[in-house]
Amino acid sequence: PFAHDADFVERGTTLEDLYQRCAASDSPTALVGLGGAWVFWVYASNAARFEQSLRDIADSVKLAGRQDPQANIFKLVQDWLRDCKHRWLLMLESVDNARFLLDRPAVTSKSASVPLREYLPHRECGSIIVTTRNRDAALKLVERRDVITVGPMDEAEDDAL
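Okay, so the sequence shown: first residue is 211 according to the working numbering, each after it adds one.
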C-alpha cells in the first residue's frame with residue numbers, strides 16, 4: 211500500500227469549509243488559490259482505460275517520446291511525475307477491481323513489464339487519491355488508516371441536494 215504522506219499539512223478551516231460545502235451545498239464549490247498544482251484524472255476501471263489515461267497525460271504535457279510505438283508510456287509518465295517541479299494530483303477513478311494494477315502484465319504487453327501499480331509514482335511532489343466502491347480494492351492500494359468511507363447522504367444532505 212501507499213505510505214501515509216508525512217508531509218501533508220492539514221489546513222483545518224479550509225478542509226472543514228470544503229467538507230461543509232460539499233455536504234450542504236446545492237451548487238458546485240470552487241477552491242481558489244495559488245497555482246502550481248496539476249490535477250490529472252486517471253480512469254482506472256481496467257488496464258486499457260488506465261493506459262489511455264496515461265497517454266492522455268503524456269499528450270497534454272507533451273512528453274518527449276510519447277509517440278514512439280515502442281515507448282513504455284507508464285514509465286514515461288512515472289518519470290515525468292517523479293521529476294516534476296510542480297505539485298500534482300493523480301485521481302485514480304473507479305478502481306473497483308485493483309487486480310489489473312497488482313498482477314504482472316501479459317507477456318504480450320509492449321508497454322509494461324512489471325505490475326502497473328509499480329508505475330504509480332511515489333508522492334515526493336504530488337498526491338494520489340483513489341476512488342472506488344470496493345473497500346477490498348482500496349486496501350490493496352492504500353493503508354487502512356488512509357481509507358475514508360463516504361457514506362450515504364443523511365436526510366438533511368439529501369434535502370439540500
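The beta-carbon is built from N, C-alpha and C at its ideal position, and this holds for glycine as well.
Would you mind giving the Cβ-Cβ distance between residue i and residue j, rounded to the nearest angstrom? I have them listed as a contact below 8 angstroms.
i	j	result
Ala322	Leu351	Not really, about 17 angstroms apart at Cβ, beyond 8 angstroms.
Asp306	Thr359	The pair is not a contact, with the Cβ atoms about 15 angstroms apart (cut-off 8 angstroms).
Going by C-alpha distance, which of the options is nearest residue i?
i	options	result
Ala268	Leu286, Leu311 and Leu300	Leu286
Ile338	Gly361, Asp369 and Arg297	Arg297
Glu303	Glu226, Gln280, Trp251 and Ala366	Trp251
Cys335	Gln230, Asp227, Glu226 and Trp248	Trp248
Leu349	Leu312, Glu365, Asp364 and Ala366	Leu312
Ala254	Ala366, Arg327 and Glu353	Arg327
Answer with buried or exposed for residue i, where buried requires no fewer than 16 other C-beta atoms within 10 angstroms of its C-beta.
i	result
Ala258	exposed
Gly361	exposed
Val219	Unreliable positioning characterises Val219 in this predicted model, as indicated by a pLDDT of 49, which lies under 50. The coordinate reading is nonetheless provided below. Counting Cβ neighbours within 10 Å, Val219 comes out exposed, since fewer than 16 surround it.
Only counting the same chain, and skipping five residues up and downstream in sequence, which positions put a Cβ closer than 8 angstroms to that of residue i?
i	result
Arg314	Val324 and Pro325
Arg345	Val357 and Thr359
Gln230	none
Whose C-beta lies closer than 6 angstroms to the C-beta of residue i among residues of the same chain, with five residues either side of it excluded?
i	result
Leu273	Leu286 and Trp290
Arg355	none
Arg292	Pro331
Tyr329	Phe284 and Gln288
Met301	Trp251 and Ile339
Just to confirm my understanding: we take residue i, look at its own chain, exclude 5 residues before and 5 after, and list those with CB closer than 7 angstroms. What are they?
i	result
Ala347	Val305, Asp306, Asn307 and Ala308
Asn256	Phe310
Problem set entry | Inside the stretch 275 to 348 only - alpha helix (DSSP H) runs reaching at least 4 residues | You should have 283 to 293 and 309 to 312.
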